[in-house]
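Written below as C-alpha cells is the structure these notes are about.
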C-alpha cells in the first residue's frame, strides 16, 4: 500500500475515547457532560455494565441531545467488554459505524471492573483496525477515596473479608483493577473535587504520581464538568503503544471477575428518598456493598428517582418522568465475592435492625 493510501486510511478512521475507572468514580457523569457540550460534533457511546440492568445507558439516553440521539447509544450489559470483544464489541461498532449521518467520535464507557488493555488490543483486529483508532484512554479516579488512601470506601473491611476467604489467593482485586486502569491511561480525570480540600487533592495527586508510569496529565474536575476538547482529540493512537504498558494481567491468557458479585434488588414504591438513602448507606457499611445504582418509583411522584451510591455516599435526584417502562424499582448491587444478597435485601427492605 502506498504512503498516500496509508495516510488516507488513518485519516478516515473514527477516533474512539475509552473511558475507564473504578466503580462509582464518575464515568457516566463525565460522559453526560461531554454529550451535553459536544459543540455540534456527532457522538456515539458504547456503554458496558457489570450486571444485566443498563442503568448508565438509561442515564445517557435521558440527555435528549440532537448530536447523540438514543440510537447512537449502544448498551452492552451482563458482561465485561474486555472479555467479550468478539461477541459484543465488534457488532456494537458495526452498528455505530453504519449510522447516518456518520459519527465523528465514539466514547466507550467500560464497566468499573473492566481492564482496558484487552479492549485496546482488540483495535488490532482486522475487523476493527482499518475503521477506528483509540484516540486515548481516559482513567476516571475518585479523588475523595484516593485522598483517604483508598480506591474504594472502607478498604480495611474489604481486606478483612478477603483475608477470611481462602479461595482468593492472589493480590487485592480492587487494587489490581485500579492499577491496570492507571497503567493504560493517557489522561487521568480526578473527580469529586468538591469533596476534598487542597491537602486532600495533594495526597490524591501524590498517590497517582507514584503509580503513573509516564508523564500522564491529571485533571481535577467537579461534577464531571470539563471542556470536551480535553478528552477528545488526544490523537494518541493508543493501540500502537499498548504492549509497552505493563499490567497485572499481562501473563494471563484470559481473566475473569470471580472476585466480584452483582445482583439486582427489586424495590417496591418508596415514600421517602432520604430515608431510603440511609438504608443504602447501611448496606454499604454493614454488608460491604461497593456500589449501588438504579431507578426507583416514589409515591405521588410522576418522576423517576435515579439513585447512585459509592460505599455509604448516596446521591439521588429525579431524572425524568416514567415512560412506557414498568414503574418498578430495580437496583444493581456490586461487591466482592461472597456479597451477602439476603442481608443486602433485608437492609434495603427495612427488615433488618441496625447493627
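Residue numbers (UniProt numbering): 1 to 355.
By construction, the Cβ of each residue, glycine as well, lies at the ideal position given by its N, Cα and C atoms.
Note that the coordinates shown come from a computational prediction; the quantities given were computed from them, not determined experimentally.
Candidates the options, of which the one nearest residue i by Cα
{"i": "residue 336", "options": "261, 141, 176 and 31", "result": "261"}
{"i": "residue 36", "options": "307, 227 and 280", "result": "227"}
{"i": "residue 291", "options": "191, 113 and 96", "result": "113"}
{"i": "residue 281", "options": "232, 244, 108 and 344", "result": "344"}
{"i": "residue 127", "options": "109, 180 and 89", "result": "89"}
{"i": "residue 200", "options": "243, 22, 150 and 316", "result": "150"}
{"i": "residue 242", "options": "31, 116, 30 and 110", "result": "116"}
{"i": "residue 330", "options": "266, 14 and 174", "result": "266"}
{"i": "residue 310", "options": "338, 206, 179 and 145", "result": "145"}
{"i": "residue 321", "options": "300, 176 and 147", "result": "300"}
{"i": "residue 286", "options": "312, 306 and 271", "result": "312"}
{"i": "residue 101", "options": "317, 275, 18 and 43", "result": "43"}
{"i": "residue 70", "options": "91, 273 and 45", "result": "45"}
{"i": "residue 32", "options": "92, 104, 108 and 103", "result": "108"}
{"i": "residue 147", "options": "198, 176 and 278", "result": "198"}
{"i": "residue 34", "options": "225, 269 and 25", "result": "225"}
{"i": "residue 105", "options": "91, 218, 206 and 231", "result": "231"}
{"i": "residue 323", "options": "306, 103 and 302", "result": "302"}
Residues that DSSP places opposite residue i in a beta bridge
{"i": "residue 184", "result": "Note: residue 184 sits in no beta bridge, so no partner."}
{"i": "residue 303", "result": "321"}
{"i": "residue 316", "result": "307"}
{"i": "residue 265", "result": "331"}
{"i": "residue 21", "result": "140"}
{"i": "residue 270", "result": "298"}
{"i": "residue 293", "result": "308 and 332"}
{"i": "residue 15", "result": "133"}
{"i": "residue 43", "result": "105"}
Per-residue burial, residue i [other beta carbons within 10 Å of its own, 16 or more giving buried]
{"i": "residue 229", "result": "exposed"}
{"i": "residue 130", "result": "exposed"}
{"i": "residue 304", "result": "buried"}
{"i": "residue 52", "result": "Interpretation of residue 52 is limited by its pLDDT of 46, a score under 50 that renders its predicted location unreliable; the figure taken from the coordinates is listed afterwards. The residue in question, residue 52, is exposed, as its Cβ has fewer than 16 Cβ neighbours within 10 Å."}
{"i": "residue 119", "result": "buried"}
{"i": "residue 167", "result": "Its pLDDT being 38, under 50, residue 167 is placed unreliably by the model, and nothing is read from it."}
{"i": "residue 99", "result": "exposed"}
{"i": "residue 12", "result": "exposed"}
{"i": "residue 294", "result": "buried"}
{"i": "residue 288", "result": "buried"}
{"i": "residue 404", "result": "Residue numbering for the chain in the displayed model covers 1 to 355; residue 404 lies beyond these limits and cannot be assessed."}
{"i": "residue 18", "result": "buried"}
{"i": "residue 92", "result": "buried"}
{"i": "residue 26", "result": "buried"}
Cβ shell of residue i (< 6 Å), same chain only, five flanking positions each side left out
{"i": "residue 327", "result": "297"}
{"i": "residue 349", "result": "none"}
{"i": "residue 171", "result": "Interpretation of residue 171 is limited by its pLDDT of 47, a score under 50 that renders its predicted location unreliable; no figure is taken from the coordinates."}
{"i": "residue 315", "result": "308"}
{"i": "residue 72", "result": "44"}
{"i": "residue 339", "result": "261"}
{"i": "residue 271", "result": "299"}
{"i": "residue 276", "result": "270"}
{"i": "residue 24", "result": "291 and 310"}
{"i": "residue 184", "result": "116, 117, 137 and 245"}
Spatial neighbours of residue i in its chain, beta-carbon cut-off 8 Å, leaving aside the 5 residues before and after
{"i": "residue 182", "result": "139, 141, 188, 208, 211 and 212"}
{"i": "residue 186", "result": "136, 137, 138, 216, 234, 236 and 238"}
{"i": "residue 194", "result": "222 and 223"}
{"i": "residue 95", "result": "74"}
{"i": "residue 375", "result": "Since the displayed the chain opens at 1 and closes at 355, residue 375 lies outside it and no answer follows."}
{"i": "residue 133", "result": "10, 13, 14, 15, 16, 123, 237 and 239"}
{"i": "residue 103", "result": "14, 42, 43, 44, 72, 96 and 97"}
Cut-off 7 Å between Cβ atoms - residues of its own chain near residue i, not counting five sequence neighbours on either side
{"i": "residue 263", "result": "333 and 341"}
{"i": "residue 284", "result": "153, 309, 311 and 312"}
{"i": "residue 218", "result": "188, 190, 205 and 208"}
{"i": "residue 273", "result": "298, 305 and 316"}
{"i": "residue 278", "result": "none"}
{"i": "residue 268", "result": "329"}
Chain C contact for residue i (CB, 8 Å cutoff)
{"i": "residue 89", "result": "Checking the listed chains, one finds no chain C in this structure; it contains a single protein chain."}
In chain order, each alpha helix (DSSP H) run of at least 4 residues that lies wholly inside the segment 177–245: 198–211 and 228–231
In chain order, each beta strand (DSSP E) run of at least 3 residues that lies wholly inside the segment 88–121: 105–109
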